[in-house]
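Top to bottom, those sequences are chains A and B. So in the working numbering, the last spot in the first sequence is 199, and the numbers never skip. So in the working numbering, the last spot in the second sequence is 199, and the numbers never skip.
Number of protein chains: 2
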Amino acid sequence: MRKTLPVLALVVMAVFLTLRTSREAAAAVGDGPQFTADGKLVRPADYRRWIYVSSGLGMSYTQKPEDAQMFTNVFVKPSAYDYYLANGKWPDKTMFVLEIYGSTSKGSINRHGSYQKDFMGLDVEVKDQTRFADKWAYFNFDGVEKAASSISPSQNACWKCHEQNAAVEHSFVQFYPELLKVARAKNTIKPTVHLE
Amino acid sequence: MRKTLPVLALVVMAVFLTLRTSREAAAAVGDGPQFTADGKLVRPADYRRWIYVSSGLGMSYTQKPEDAQMFTNVFVKPSAYDYYLANGKWPDKTMFVLEIYGSTSKGSINRHGSYQKDFMGLDVEVKDQTRFADKWAYFNFDGVEKAASSISPSQNACWKCHEQNAAVEHSFVQFYPELLKVARAKNTIKPTVHLE
């Protein structure tokens with residue numbers, strides 16, 4: 004009996020460790036952005052299981068409206084979302100996926116307004132303070148690309164506009180009502196930004 | 004040693020059973036719709052962590068456009084979504100949450116198009132073949148209501164329109180491009196429904 008108790012303890016410990024390790028592995032795999040050997044961002048595969056942030060239709064920052072009205076749906080990972088809810092800021096390795104759909108008005112029984120139709124691509128924004136000298140980088144994926152280089156130069160038009168106008172760090176939470184509430188509560192809105 | 008092997012086996016089994024039971028309990032808590040003692044649907048609390056389905060803006064099935072253009076964001080639980088991906092149909096106890104936001108066009112640097120602004124309420128659709136004689140029931144929640152009675156009578160205008168026009172069971176997947184692909188692949192679209 005003296006020999007079997009340590010054996011028993013070891014077996015129970017092994018069972019627990021195996022289960023814990025497999026859970027940790029599952030949480031770590033794919034939780035941060037993945038890059039290819041030549042530095043391209045691997046296309047986020049499962050973003051439709053992430054947390055939905057908000058949508059817009061035909062949003063344009065220029066004087067001229069867009070010719071085609073596109074829907075844009077924004078997603079972040081649950082881990083980044085939880086951090087944001089607690090802090091009103093984004094953790095390192097945060098990825099925003101902005102999914103683009105063409106819109107249509109008349110179809111089935113719908114007569115007015117717009118709904119989403121054809122998938123057009125993804126815009127992805129990554130915060131990675133180690134990899135990017137300017138912290139945030141921008142990527143575009145069409146319908147099928149498996150990996151994309153960051154838009155260059157590093158301080159490109161996307162980067163500059165987000166740096167100057169996004170309410171919290173490089174995120175336009177002024178267009179995401181649920182996240183805007185958090186930023187107001189945590190007082191993390193850049194003082195230079197116009198929300199209205 | 005003859006006595007200790009069965010003991011070992013029992014302990015290992017107990018460890019597994021405990022872990023499995025706790026996981027099952029976690030999956031069951033709040034996974035189906037919850038009702039008050041007097042039969043009202045409890046407001047879904049955490050639907051913004053569910054799976055996002057799609058969004059529309061100002062969708063209207065009548066000849067007259069809506070006066071105010073509202074965004075509608077649709078969510079289902081991960082368990083219902085997984086079942087749908089596998090089967091192209093909805094499991095019993097499925098809940099659809101349709102979240103309504105007012106829209107605005109000009110704010111911050113945005114000049115055209117629309118983004119979401121003020122939360123207006125929730126429309127909820129529940130499939131419960133035991134509780135509802137007509138399988139599907141409809142509920143509205145304003146900004147604060149904690150529980151809501153189903154819209155009556157049971158075959159109300161919502162129910163009739165979904166029964167007649169929704170592509171899959173009572174769900175308008177013709178307006179949800181990712182779910183429409185699944186319904187086409189699984190051949191679960193009602194033959195009487197017009198998709199275009």
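Built from N, CA and C at the ideal position, the CB exists for glycine as well. Keep in mind that this is a model prediction, so the values were computed, not measured.
Counting only runs of 3+ residues, the beta strand (DSSP E) found wholly inside the segment 47 to 128 of chain A occupies 54 to 63, 73 to 79 and 98 to 107, in chain order.
Non-local beta-carbon contacts of residue 123 of chain B in its own chain, meaning distances under 7 angstroms to residues more than five positions away in sequence, involve 73, 103, 104 and 105 in chain order.
Residue pairing for residue 174 of chain B: DSSP places it in a beta bridge opposite B:171. When C-beta atoms of the segment 77 to 88 of chain A are compared with those of the segment 117 to 137 of chain B, fewer than three pairs fall below 8 angstroms, so the two segments do not count as touching.
Residue burial annotation: residue 39 of chain B is exposed, with fewer than 16 other C-beta atoms found within 10 angstroms of its C-beta. For residue 114 of chain A, a Cβ of chain B is located within less than 8 angstroms of the residue's own Cβ. Note on residue 118 of chain A: 16 or more other CB atoms within 10 angstroms of its CB, so buried under the neighbour-count rule. In its chain, beyond the 5 residues on either side, 196 have a beta carbon closer than 7 angstroms to the beta carbon of residue 168 of chain A.
Excluding sequence positions up to five before and after residue 50 of chain B, its CB lies within less than 6 angstroms of the CB of 78 and 100, all in the same chain and listed in chain order. In this chain, the alpha helix (DSSP H) harbouring residue 188 of chain B covers 180 to 189. If you look at residue 143 of chain B, you'll find it in the beta strand (DSSP E) that goes 139 to 144. With 16 or more other CB atoms across the displayed protein chains lying within 10 angstroms of its CB, residue 186 of chain A is buried. Just so you know, the alpha carbons of residue 97 of chain B and residue 36 of chain B end up roughly 8 angstroms apart. With respect to the C-alpha of residue 75 of chain A, the residue from B:60, B:85, B:171 and B:109 having the closest C-alpha is B:60. The Cβ of residue 141 of chain A sits no closer than 8 angstroms to any Cβ of chain B. Within the segment 115 to 141 of chain A, the residues whose Cβ lies closer than 9 angstroms to any Cβ of chain B are, in chain order, 115, 116, 117, 118, 119, 120, 121 and 122. Residue 42 of chain B sits exposed, since fewer than 16 C-beta atoms from the chains shown fall within 10 Å of its C-beta. In the structure shown, the three-state DSSP call for residue 163 of chain A is helix. In the three-state reduction of the DSSP assignment, residue 40 of chain B falls in the coil class, being assigned neither a helical nor a strand state. Relative to the Cα of residue 71 of chain B, the nearest Cα in the group A:71, A:92, A:90 and A:115 belongs to A:115. Its Cα nearest to that of residue 63 of chain A, the residue B:107 stands out among B:92, B:107 and B:88.
Within its own chain, the residues whose Cβ lies closer than 8 angstroms to the Cβ of residue 157 of chain B, once the five positions on either side in sequence are excluded, are 135, 136, 137 and 140, listed in chain order. Residue 143 of chain A and residue 128 of chain A have their C-alpha atoms spaced approximately 9 angstroms apart. The three-state reading of DSSP puts residue 149 of chain B in coil, since its state is none of H, G, I, E or B. Residues of the segment 164 to 187 of chain A whose Cβ lies closer than 8 angstroms to any Cβ of chain B, in chain order: 164, 168, 170, 175, 177, 178, 179, 180 and 181. Within a 10 Å sphere around the beta-carbon of residue 177 of chain A sit 16 or more other beta-carbons, which makes this residue buried. When DSSP states are grouped into helix, strand and coil, residue 45 of chain A belongs to the strand group. In the assembly as shown, residue 198 of chain A is an exposed residue. Its beta-carbon has fewer than 16 other beta-carbons within 10 Å. According to DSSP, residue 130 of chain A shares a beta bridge with A:139.
When only Cα atoms are considered, residue 146 of chain B and residue 69 of chain A end up about 33 angstroms apart. For a Cβ distance threshold of 9 angstroms, residue set 57, 58, 59 and 60 of chain A lies close to residue 74 of chain B, ordered along the chain. At the C-beta level, residue 130 of chain A and residue 85 of chain A stay beyond 8 angstroms of one another. Within chain B, no residue has its beta carbon less than 8 angstroms from that of residue 94 of chain A; the closest one is some 18 angstroms off.
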